[in-house]
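Protein chains: 2
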Amino acid sequence: MTRLEVFGVGGLPEITEGMDLARMIVDAAAAQGDPIVDGDVVLVTSKIVSKVEGRTVELDDVEPSDFARRWSTTWDKDPRVTEVVLRESKRIIRQIGPVLITETHHGFCCANSGVDQSSSGAHGRILTLPLDPDSTCRAQRARFAQLGADVAVIMTDTFGRPWREGQTDIAIGIAGMDPLRSYIGQHDPHGHEFRVQEICSADELASAAELVKGNTSRVPVAVVRGYEFEPDDDASMAPVLRDAERDLFR
Amino acid sequence: MTRLEVFGVGGLPEITEGMDLARMIVDAAAAQGDPIVDGDVVLVTSKIVSKVEGRTVELDDVEPSDFARRWSTTWDKDPRVTEVVLRESKRIIRQIGPVLITETHHGFCCANSGVDQSSSGAHGRILTLPLDPDSTCRAQRARFAQLGADVAVIMTDTFGRPWREGQTDIAIGIAGMDPLRSYIGQHDPHGHEFRVQEICSADELASAAELVKGNTSRVPVAVVRGYEFEPDDDASMAPVLRDAERDLFR
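Line by line, the protein sequences are chains A and B.
Going by the working numbering, the first sequence opens with residue 1, and the numbers climb by one from there.
Going by the working numbering, the second sequence opens with residue 1001, and the numbers climb by one from there.
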């Protein structure tokens, strides 16, 4: 029977642009007595990837549009931040009161295009999501392999959701394993097709990882050990992103 | 640093009405060498609770309404099942094509009011969600305490969600711990308030548990060990259920 171990990787240095993330994770994990091993799922918070990839925006460099300016004034927001949120989005899903739910260029539906005003290193700066999370994960996975560990890599972020209070961590990038586990065509012991057709294990792994990372403890990386998956070099988040045409809430 | 162990509890007998679930879980866990201990979070799939609580509906006993009959004919569904779905709901959130997203009497938003046509023991029968999942969890928690283990109990189900393909397990009942972990008023090392205000750890624990339960392996119970929580005798899912007035997607 499956048995998982979930632990955080702490002791990383302050992250800056251009750093070798996989190397730092391998070293930090070894230093705490938990060397990364084949079959691990390594879960990296998007924020540190954004820092490594220089996805910082200096607010002084941002010229807000009229649209951003007007809405921001109404709701007492920084129009430069609003401008960045709009630039990071391909459509607005809800704009009700001070809330702005957008679909990002990647296809993620979330508040404020995932733009992070907290802990970006200094006031006057904000962090945007990595440009191509799947591609980052593939590169990180290749780097882990160079360093001796055949792992899957998942990039995570903390998103809200309709209907329920409280945010959860979900996957925004993946490499090395399919984000979905399918039961399509399988039957239960009584011959019924399963009501559950596909599980988004990538999101469940992201959630499991959040439980050990927390948001105040400054542990931006976690490992899930013992989760069985088929290695898949072509994996991406694409199958998780529901087509707008199939979606009832966009 | 937090370190979690997540494992399934297998070897439970076929579940029937009136069984002592906590007793069976304690015995099965001990039998597999994983006795339940103080501080464990025990996660129980709603389906077995529904069976214990006799939430089976015999379809032959169901008289569909005209509304249920007409819609079911259009979409080639069993009108008796539709009738049960409607009875289990307090409002319809979306009814588009063959899809019926409802809000249950408990306040959960999901497909088909969580009615389960698979593995309910026989064709011609379906399972509905437990009537009062929080109250069940409280009773189970008290029973675990009698049996010597001070645990939190979470009841889980597998729900879809807007925007993303693949379902995930979430919490529908809880006892012994707050379902939310709050960061409100806390600040990051740079003095910014956290963007993340509240994490729904109950849902994240449910997702972690699903990774070891799976849906075909017939492991309806999992344990998360090592998760720190404040024991809370008054906990319930109520704070997770967003008020319809605050919700942008109902």
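Beta carbons: idealized from backbone N, C-alpha and C, even for Gly.
Check	Outcome
Expected contact under 8 Å - CB spacing of residue 153 of chain A and residue 176 of chain A to nearest Å	6 Å
Under 7 Å (Cβ pairs) to chain A, residues found in the stretch 1024-1054 of chain B	none
Closest residue to residue 35 of chain A among A/224, A/72, A/235 (Cα-Cα distance)	A/224
Partners in chain B for residue 201 of chain A, counting only beta-carbon separations shorter than 7 Å	1211
Buried versus exposed call for residue 1074 of chain B [16 or more other C-beta atoms within 10 Å across all chains shown]	exposed
Buried or exposed (CB count within 10 angstroms, at least 16 for buried), residue 184 of chain A	exposed
Residues that residue 161 of chain A contacts on chain B, provided the C-beta gap is smaller than 7 Å	1161
Check whether residue 207 of chain A and residue 1208 of chain B have beta carbons under 9 Å apart	yes
Residue 1169 of chain B: first and last residue of the uninterrupted alpha helix (DSSP H) it sits in	Per DSSP, residue 1169 of chain B belongs to no alpha helix (DSSP H); it is in the beta strand (DSSP E), 1168-1175.
Residue range of the alpha helix (DSSP H) that includes residue 1142 of chain B	1133-1146
CB contact below 9 Å: residue 1214 of chain B versus chain A	yes
Alpha carbon of residue 3 of chain A to alpha carbon of residue 68 of chain A, nearest angstrom	49 Å
Reduced DSSP secondary structure (H/G/I, E/B, other) of residue 101 of chain A	strand
Within chain B, the residues that residue 235 of chain A reaches when beta carbons sit closer than 8 Å	Within chain B, no residue comes near residue 235 of chain A; the closest Cβ sits about 13 Å away, beyond 8 Å.
Residue nearest to residue 1049 of chain B in terms of C-alpha spacing, selected from B/1180, B/1240, B/1156	B/1156
Straight-line gap, residue 159 of chain A to residue 1114 of chain B (C-alpha atoms, nearest Å)	24 Å
Minimum Cβ-Cβ distance from residue 1 of chain A to chain B less than 9 Å	yes
Cross-chain neighbours of residue 1230 of chain B in chain A, by beta carbon under 8 Å	Those do not exist, as residue 1230 of chain B stays about 15 Å from chain A at its closest Cβ, beyond 8 Å.
For residue 94 of chain A: DSSP bridge partner residues	A/101
Simplified DSSP state of residue 1126 of chain B, which is helix, strand or coil	strand
Whole-number beta carbon distance between residue 1047 of chain B and residue 1127 of chain B, since they are thought to touch under 8 Å	6 Å
Backbone secondary structure at residue 158 of chain A - three-state DSSP	strand
Neighbouring residues, chain B, relative to residue 248 of chain A (Cβ below 8 Å)	1094, 1096, 1099, 1101, 1162
Cβ shell of residue 1092 of chain B (< 6 Å), same chain only, five flanking positions each side left out	1102
Residues that residue 1109 of chain B contacts on chain A, provided the C-beta gap is smaller than 9 Å	162, 163, 164
Segments assigned beta strand (DSSP E), at least 3 residues, entirely inside the stretch 202-239 of chain A	221-225
Of the residues B/1079, B/1009, B/1135, the one placed nearest residue 1024 of chain B, counting alpha carbons only	B/1009
Secondary structure of residue 1003 of chain B, DSSP reduced to three states	strand
Chain-order list of residues whose beta-carbon lies under 7 Å from that of residue 1244 of chain B (same chain, five-residue window excluded)	1250
Beta carbon of residue 174 of chain A nearer than 9 Å to that of residue 111 of chain A	no
Any chain C beta carbon closer than 9 Å to residue 145 of chain A	Absent from the structure: chain C. Protein chains present are A and B.
Contact set for residue 1133 of chain B: own chain, Cβ-Cβ below 6 Å, skip 5 residues either direction	1155, 1172, 1173
Contacts of residue 148 of chain A in chain B (Cβ-Cβ under 8 Å)	Near residue 148 of chain A there are no residues of chain B at all, since even the closest Cβ is about 23 Å away, more than 8 Å.
The ligand ZN heavy atom lying under 8 Å from the CB of residue 1123 of chain B	As presented, the structure is devoid of all ligands, the ligand ZN included, so that no description of it is given.
Length of the line joining the Cα atoms of residue 181 of chain A and residue 1141 of chain B	32 Å
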